[in-house]
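Residue numbers (our numbering), protein chains in the order written: chain Z, 1 to 355; chain V, 1001 to 1432; chain B, 2001 to 2321. Here is the structure we will look at.
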Amino acid sequence: MATDTTLGSRAAEIPATGEHLSSDDRVALLRYMLLMRGIEERAMSLYKQGRVPGSFYDGFGQEAVSTGAAFAMGPADRLCVLHRDLAAHLVRGVTPARIFGQYMGRAGGVTGGREGNVHFGDRELGCVGMVSMLPDMMVVATGMAMAFRLRGEARCALTWVGDGATSRGDFHEAMNWAAVQRLPVIFVLENNQYAYSTPLDLQFAVDPVERARGYGFPGERVDGNDVEAMFEATRRARERALAGSGPTLIEAVTMRMHGHAAHDDMRYVPQELIEKWRARDPIDRQEKRVRALGVDVAALREQVAAEVEGAAQEALAMDMPDGAGALDGVFCAGEAEPLGDGHAPWSRFREARDA
Amino acid sequence: MPQMGVSMAEGTVVGWHKRVGDWVEAEETICEISTDKIDSEVPAPATGRVSEILVEPEQTVPVGTVLARIATDAGAGDRRSKIAQQIGRHPEEHLDAPAAQAEPSAETEPARPVAPHAPEPAQARTNGASAHRERRAYSPVVQRIAASEGVDLSRVSGTGRGGRVSKQDVLAFLQQRGGDVSSEPAQPSAPPQPSEPPLHIESPYVEGPGEGPQRLSRMRRSIAEHMVRSLHTAAHCTSIVEADFSGVESARRALGITHLPFVARAVIDALRVHPDLNATLDGESLTLHRAVHLGIAISLGRDGLIVPVIRDAHELAPEGLARRVSELAERARAGELSHDDVRGGTFTITNPGAFGTLASTPIINQPQVAILDLEAVVKRPVVVTDGAGRDSIAIRPMAYLCLSWDHRALDGALAARFLATVRARIESWESS
Amino acid sequence: MPEMTYLQAISDGLREVMRADDRVFVMGEDIGAFGGAFKVTDGFFDEFGEGRVMDTPLAESAIIGTAVGAAVVGMRPVCEMQFADFISCGFDQLVNVAGKMHYRQGLAVPITVRLPTGGGFSGGPFHSQNPEAWFMHSPGIKVVAPATPEDAKGLLISAIRDPNPVCFCEHKHLYRRVKGEVPAGVYETPMRARVARAGSDLVVIAYGAMVWSALDATEDLDGACIEVLDLRSLVPLDEDAILDSVARCSKVVIVDEANATCAAGAQVAALIAERAFEYLDGPVVRVAAPDVPIPFSPPLERAVLPQADDIKEACRELLAY
């Protein structure tokens, strides 16, 4: 059923995947999620202090979706990151201070004040920033995959897409194109139950994950609040992609635990739904696993909190951009530099690099 | 030939399914055509008998060409009331043009912004002159020139609509000033041809010539006869010199006229020095003329060429020559030249350089003994020598002057001396 | 130099640049084995293979969007819109994704979008448009519109080598109707205006097919010496060349085949009003299509699209002003 917002028994308890993740990897997954939550919470307080202009969007409760998927990606893979997927940038190597600078429109932010929020991509780290017209980046990711295939490269592209965006034409164009050309691309459908205030039953009659088969490739439903399940599903999709078997649609079922933006009190969401999902918090769940490994989680939290505060202070010291520069860079005047490689902290990639 | 695609310009008939005299039903295939994009069968547009096939197989024709005619029976058995049907009729020839074309209503006819948007009273054309005299508005460029040159614009008479003062009027006024300022300033002379060499580009919109041979127009036949006779009569030689137009260039810009009147003036001066070239040769009888009646070749586009004569041209300054050329060109193009306007010339100047040519070998206008050809004035690097004898390379507006002369009447040395004089006159021109 | 049609020149430029640069590939609807709706890529499939001569699904948004993706990972895609009109379906990817990318995050998007523009052949409201002004209004996109075969080839090569998104407006009416000498080999035509014919009494400013209409209309107009300025590039707009012509001629007629309001010519008129006011000897006159869709039937279409006679009339009016 389209309105079935919880996972059925099929996917509810995917076991932790020790097979592909080392203990360090599992801690790293928790660490990236903590970092994302810590940065977004601190940014929200900066927003309330009037230090973040415009509006503020976060991914509270959805940290596993971006962390798990990005963690499965290799350095030469390319990502188009959505606005509730801050952890993907952290995994790829963007430093927290530059992210705070980005939120506050500082010269030292990732886009130097040209863009706000999570509308950014670090060219040198292999990410393309999103545009607000959703799901435009699905098509762009498809095009990256097309170039990889054209050149015979073993790489893949990944992008996130929201439940609301599945209604737009570009969703269809990308799904169809990727299928026709059997492209190495992964679409992570981040189903967080609401598109702004619009619930799923006003968005579609058939769950979009069902559509994948209609286009001619697999669609897989995953517990989006289980970071290791997200990682595992993405890892398998990437293997398929690199083997030439074409695209995969991963539906990450999760819940947007905050309003659409800072100005939205989301009174349209039933309180019991919030409570139900609070019990499934992705950070709590990964903490239990990591604690079972004997890791001092409290120390990890402290360490992350210190890193976040240090980054916030660093960003607060950054200059605001000079208005005189507002006209620069509309056109590229020199050589077109393509995207660079991103960080790929999964132990398998590190081992491969060190070998 | 039907249009089988938006970019198709021509097509080839592959073969006919019907012959002349055959009966053909509407929509039945009558022939096959081929373009560089597709091959297609052409269905007959009407029922009737094929009366004519106009394009043979393998022939390539432009879109819109009539391929064949079908005679249709208007009434039962009435063979005389045939209506010729055309295949591939040009859109303009559609019998059933939309009603909107026949009777465009005020609502449906699209308004097209073609006219100047400046406020223009409806009566300006009729009584504008007096209206403007009461309250004259000047364009920005006129005001700018007037301010910098100290011109009282109320003393400048305008030739624009309703007596409006144009830029050319002010420039003409400035030219006259220094003499009697209160006199009416000269009419501005519209240069008959572009003063700069245009890039030569064929317009795609020129209508192609019709199919099959066409008889030359009367004017073309007359030109043909005259040219061939001249070539058979005179011993044509062509000599070429190059002249530096720097002085002329600034002078002509100040006056707003072309190079031609300056060259004409230089030629007239040179003819006074070398009267052997201001002559007519009839068989064995050579006549030298004192007065210079200068012929100027005027192109009438595809129609041909005509050489009106400026009588007593030696009495005119460049501005006067410019005005006369302009008048003659206007009358030539309006077809208003009289027989007297085109005879009695003693020397001719032609000016194909206005269209960018660099060198030509003109044909002498009989019975004259020489013709001078002004080529395009183009900027070239040239070696110039200063007063101290030092050489350097400078960018100068240069042009070739090509003189065709009749070796029966004179020799190369004289032609060369004449050209040297012309060149010296041109190069010594100083802007006043 | 070989003589080519405008269409052959485009094809020739594309072929030469593909031979010279492996990063260049073409994509679009029906462009592969079929060779394209207008046959621009005829023979490309055999020479370059299906990878570099890519038949795409009927999906203009995805054509532009995937080209952006390919470009940011190092390719030089050349997209063909079957008709320029269809770019409306890819508008978002072009103006929001491609056009703003470099400004937002310093990421260059070297894509070329070939747009077969223009009317005059009963194409009707959806096969006749001149949408170039849409993109002039969108920062980050270059727009070029050649009139001659030589410029068509050279500007296409310049567009492909440019590190930015470039809309290459190729006028369908010129495809097989205009021929000219085209240099062999790979050469770039600068994105600057060209004086098509020098003059002094009045300047007609135009681009694309209207350059020919302007030349035709003013070839012999009452003995007046009329300049024709071919803009060639709309973004960047060659402001110096425009101002220079206006300073010399003082009277200006601006011709657009596009709908009049906010067209390229409107921008040119505004520029002249702002920066050449002191040189004007009459009102700036515009000839453009009125703001109606381009109708199908020939008499209606002729009534809407600017004709040589309209330009002639406008010039006469202004000369007499």
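Where a beta carbon is used, it is the ideal one built from N, C-alpha and C, also for glycine.
DSSP-derived helix/strand/coil call for residue i
i	result
V/Trp1016	strand
V/Glu1058	coil
B/Lys2142	strand
B/Phe2296	coil
Z/Phe231	helix
B/Tyr2006	helix
V/Ala1076	With a pLDDT of only 34 at V/Ala1076, under 50, the local geometry of the prediction cannot be trusted, and no value is derived from it.
V/Ser1166	coil
B/Asn2164	coil
V/Gly1295	strand
B/Lys2179	strand
Z/Gly129	strand
V/Asp1036	coil
V/Glu1028	coil
B/Val2228	strand
Z/Asp356	No information on residue 356 of chain Z is available, as it lies outside the stretch 1 to 355 that chain Z covers here.
V/Ala1190	Bear in mind that a pLDDT of 40 at V/Ala1190, under 50, signals an unreliable position, so the number given afterwards is only what the model happens to contain. In the structure shown, V/Ala1190 sits in coil (DSSP, three-state: anything other than H, G, I, E or B).
Residue i - partner residues in DSSP beta bridges
i	result
V/Ile1395	V/Pro1381
Z/Asn191	Z/Val253
B/Met2027	B/Met2054, B/Cys2079
V/Ser992	No answer is possible for residue 992 of chain V: the residues shown for chain V start at 1001 and end at 1432.
V/Thr1350	V/Asp1373
B/Cys2262	None, per the DSSP bridge assignment.
B/His2127	B/His2127 is not bridged to any residue.
V/Cys1237	V/Trp1405
Z/Glu160	The sequence shown places Trp at residue 160 of chain Z, rather than the Glu named in the question. Looking at the DSSP assignment, Z/Trp160 forms a beta bridge with Z/Val188.
Z/Tyr47	In the DSSP output, where bridge partners are listed per residue, Z/Tyr47 has none listed.
V/Gly1011	V/Val1061
Z/Cys80	Z/Val128, Z/Thr159
Amino acids of chain B, ordered along the chain, whose beta-carbon sits closer than 7 Å to that of residue i
i	result
Z/Arg114	Tyr2103, Arg2104
Z/Thr111	Arg2104, Gln2105
Beta-carbon neighbours of residue i, restricted to chain Z and to distances below 7 Å
i	result
B/Thr2066	Val139, Thr142, Gly143, Met146, Trp177
B/Val2097	Val131, Asp136, Val140
B/Asp2092	Met133, Asp136
B/Asn2164	Phe331, Cys332
Listed by chain order, chain V residues near residue i by CB distance under 9 Å
i	result
B/Leu2323	The structure shown has nothing for residue 2323 of chain B, since chain B only spans 2001 to 2321.
Exposed unless 16 or more other CB atoms sit within 10 angstroms - verdict on residue i
i	result
B/Arg2177	buried
Z/Ser197	exposed
B/Asp2201	buried
V/Gln1085	At V/Gln1085, the pLDDT of 36 sits below 50, so the modelled position is not reliable and the matter cannot be decided from this model.
Z/Asp354	exposed
V/Ile1038	exposed
V/Pro1213	exposed
Z/Tyr268	exposed
Within chain V, the residues that residue i reaches when beta carbons sit closer than 7 Å
i	result
B/Phe2277	Pro1140
B/Tyr2175	Ser1007
Cross-chain neighbours of residue i in chain Z, by beta carbon under 9 Å
i	result
B/Ser2128	Those within 9 Å of B/Ser2128 in chain Z number zero; the least Cβ separation is about 24 Å.
Listed by chain order, chain B residues near residue i by CB distance under 9 Å
i	result
Z/Glu41	Chain B residues near Z/Glu41: none, gap ~26 Å exceeds 9 Å.
Z/Leu356	Since the first residue of chain Z shown is 1 and the last is 355, residue 356 of chain Z is not available in this structure.
Z/Val373	Beyond the ends of chain Z as shown, which are 1 and 355, falls residue 373 of chain Z; an answer cannot be given.
Z/Phe120	Arg2104, Gln2105
Under 8 Å from the C-beta of residue i: neighbouring residues of chain B
i	result
V/Asp1341	Ordered by position in chain B, no residue passes the 8 Å Cβ test against V/Asp1341, which lies about 16 Å from the chain.
Residue i beta carbon near the ligand FMN (any heavy atom closer than 7 Å)
i	result
Z/Trp177	Because no ligand of any kind appears in the structure shown, any question about the ligand FMN cannot be addressed here.
Neighbouring residues, chain Z, relative to residue i (Cβ below 8 Å)
i	result
B/Gly2140	Val330, Phe331
Residues within the segment 1255-1289 of chain V neighbouring chain B, beta-carbon criterion of under 8 Å: Gly1256, Thr1258
Give, in chain order, every residue of the segment 1159-1172 of chain V whose Cβ lies closer than 7 Å to some Cβ of chain B. Answer set for the segment 1159-1172 of chain V: Gly1160, Arg1161, Arg1164, Ser1166, Lys1167.
Name, going along the chain, the residues of the segment 2030-2042 of chain B whose beta-carbon falls closer than 7 Å to a beta-carbon of chain V. Phe2038, Lys2039
Members of the segment 318-346 of chain Z that neighbour chain B once the beta carbon cut-off is set at 9 Å: Answer set for the segment 318-346 of chain Z: Asp328, Gly329, Val330, Phe331, Cys332, Ala333, Gly334, Glu335, Ala336, Glu337, Pro338, Leu339.
With 8 Å as the limit, tell me which residues of the segment 2111-2138 of chain B have their beta carbon closer than that to any beta carbon of chain V; keep them in chain order. Phe2121, Ser2122, Gly2123, His2127
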